[in-house]
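The structure under discussion appears below in the form of structure tokens.
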Amino acid sequence: MKTTRRDAGFPAASVRDLHICTSVFVEAEGAESAYPQVPGAPSSQRFQAAYWRCAVVLLASSYRQQPTAQHILFTNAEAVPQVDGIDVNQLLQRLGVEIAPIPFTFAPPPHHYPAWRGCFYKFDVLHALAARLDPGHAALFLDADCVFVASADAI
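Number 129 in the working numbering belongs to position 139 of the sequence shown; there are no gaps in the numbering.
See the structure below:
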């Protein structure tokens, strides 16, 4: 049996009160950690393009399913790049996606475990998201490699 927000005792949120969020974390040259699932240096444009592509697909598929939801992309990138000749910033603006730049403050110590350092950026995003949500609003913070094939209403 599937449990919904209402079944769990949470108030129902309208799609308009829903924030659908993802993040793209970029690493500077010389401060990279290891990500075995993607080849190359994490500071390279080629490496980062994989994550920007995923974020675009997630947000575009979400917009198609719930166009009145608030869509937010959190990033520590200085600028949203062009990927495959596409101006990602312009594309996201057309979809009404808010680009929310936030710094990486939850960084692990320099000699901590050498892989997946970007996972700690999720704490920065959660902190920023919690500060901006109004009571009664709901948020979905998803990894960028998700796709919406139906409305989020049932979640």
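For glycine and all other residues, C-beta sits at the position ideal for the given N, C-alpha and C.
Note that the structure is predicted; figures quoted are calculated from it, not measured.
Relative to the Cα of LEU116, the nearest Cα in the group PRO100, ASP133, ALA144, GLY126 belongs to ASP133. The C-beta distance from LEU85 to TYR53 rounds to 5 angstroms, short enough to meet the 8 angstroms contact threshold.
For CYS136, the three-state secondary structure derived from DSSP is coil. A check of alpha carbon separations from ILE92 across PRO26, GLU19, GLY126, GLU68 identifies GLU68 as the nearest. Excluding five sequence positions before and after ASP74, the CB atoms of its chain that fall closer than 8 angstroms to its own CB belong to ALA39, ARG43, given in chain order. For the pair ALA121 and PRO29, the Cα-to-Cα distance works out to about 35 angstroms. When rounded, the separation of the alpha-carbon atoms in ASP114 and ALA18 is 17 angstroms.
Around the C-beta of THR95, fewer than 16 other C-beta atoms lie within 10 Å, and the residue is accordingly described as exposed. SER33 carries a coil assignment under DSSP once its states are collapsed to helix, strand and coil. A distance below 8 angstroms separates the beta carbons of VAL47 and VAL137. Rounded to whole angstroms, the gap between the alpha carbons of LEU49 and HIS61 is 7 angstroms.
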